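Here is the structure we will look at.
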Amino acid sequence: MKCINCGQELGQDVRRCPICKSEQLPKKRKIRKSSVADVEYSYAPKSRIIAGLLQIFFGGFGIGRFYLGYNGIAIGQIFTFPIFFIGGVWGFIDGILILCGQVECDANGIALK
Ligand SMILES: [Zn+2]
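Sequential numbering from 7 applies to the sequence shown in the working numbering.
As structure tokens, then:
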């Protein structure tokens, strides 16, 4: 790698350039940048309307819950769907509750918009 300031060739893992004494910020910076992007992406607020409607129409498959990231609840609805449509009724009520604001945030704790 090269010095970010003067371009002097440096060995791996050199923190400070011996020529110009400037601090080297190697790969770390890149990793931080991309992880911030990932965080922003996964923390984008989900839509309450979309989640509620998905859950009302496809509640038996837990689609609205999957959308919000509550995979455990979604799988519970799928598995109880064949048992007297429990999952379907549960999913339907769940959708109404989501629309009414009973579910305030997604599985990551991000408030719904
Ligand atoms: Zn330098």
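We put the beta carbon where it would ideally sit given N, CA and C, even for glycine.
It should be emphasised that the depicted structure is a prediction, and the values quoted were computed from it without experimental measurement.
- When the beta-carbon positions are compared, residue 83 and residue 58 stay at least 8 angstroms from each other.
- The Cβ-Cβ distance between residue 103 and residue 95 does not fall below 8 angstroms.
- Of the heavy atoms belonging to ligand 1, at least one sits nearer than 7 angstroms to the Cβ of residue 14.
- Contact between residue 60 and residue 73 holds: their C-beta atoms lie close to 6 angstroms from each other, under 8 angstroms.
- A straight-line Cα-Cα distance of about 18 angstroms links residue 78 and residue 91.
- In this structure, residue 55 has its CB at a distance of at least 7 angstroms from all heavy atoms of ligand 1.
- Shown here, residue 71 sits in a helix according to DSSP, grouped into three states.
- Beta-bridge analysis with DSSP links residue 117 to 111.
- Of all alpha-carbon atoms in 30, 50, 8, 17, the one lying nearest the alpha-carbon of residue 114 is that of 50.
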